[in-house]
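Numbering (the working numbering), first residue to last: 6 to 300.
For each residue, glycine too, the CB sits at the ideal point set by N, CA and C.
Given the structure is predicted, the values throughout are model-derived calculations rather than measurements.
Have a look at the structure below, then the notes.
Here's what the structure looks like:
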């Protein structure tokens, strides 16, 4: 099942939020990685038919998804960054209500709700009111509601927002388990969310897909090298102004630095293996001395 965008563009007045994006997704987990404001949410809202493109098209197996209407939405599960819920509903009641909205028969809904409450770690709070849940628990409920109709296309916009490290691991494991027979598109600005589970990672910047491929392929494509060096703390501001620095660790009067550079940044620097976080820094980070620096 191929979900395809062709020169997909969305403008808001003079602002181009999504700029001529062409993608083909045929199954597995796709990680949409980029900074906040890169256009990820706008792209996802178009893929969910919540927003029409200014130009371009989206097709599923060659059919325009906007013309497919309910036939397309029956295959879709979506978790937005901010999802609505009735605060007085318990978790179970909320999921049963969403099941009815999605047209699931009561017997099927009851079975799906029970299974998803267990899978998303909500068993202990199944009868707790939604308004009483922590941010992380609400996020789990949001993930569960997106999966109620056993969607073939699952779109998750910043799904780990508010989750603690253990919950993030649980979420990644869950996505890995359910991705076998569906297409999952997961947006995030956190590298670890997609590093180990995405079959393909899409780097999005200023509305465009600037690079894509597996984690290994993206690391191999990075033109700069990664160095570890130990310098006196007084040299840190100068190095940070001249290079992209992914990590600084202080040790007494010295600082251990991880630096991206085509050439050896300081005498004695040792080249080390790059990781996906280095790729993110290369494409999205700025040297500390740059205007509007992000890192």
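Between residue 153 and residue 107 the beta-carbon gap is near 6 Å, inside 8 Å, which marks them as a contact. If one requires a minimum length of 4 residues, the alpha helix (DSSP H) runs lying completely within the stretch 18–67 are 45–52, in chain order. Under the Cβ criterion (8 Å, minimum of three pairs), the stretch 243–250 does not count as touching the stretch 68–86. Excluding the 5 residues flanking it on each side, residue 253 has same chain C-beta neighbours closer than 6 Å at 260 and 262, in chain order. In this chain, the alpha helix (DSSP H) harbouring residue 99 covers 96–106. Between residue 196 and residue 278, the C-beta spacing is not below 8 Å. Taking a contact as a CB-CB distance under 8 Å, the pair residue 199 and residue 191 counts as one, their CB atoms being some 6 Å apart. Setting aside the 5 residues that flank it on each side, residue 46 is surrounded in the same chain by 162, each with a C-beta closer than 6 Å to its C-beta; the list follows chain order. For residue 283, the secondary structure class from DSSP, reduced to helix, strand or coil, is helix. Comparing C-alpha distances from residue 42 to each of 244, 119, 209 and 270 shows the shortest one belongs to 209. Put simply, the backbone Cα of residue 50 is about 41 Å away from that of residue 242. Boundaries for residue 216: no alpha helix (DSSP H) harbours it, while the beta strand (DSSP E) harbouring it runs 213–218, taken from the DSSP string.
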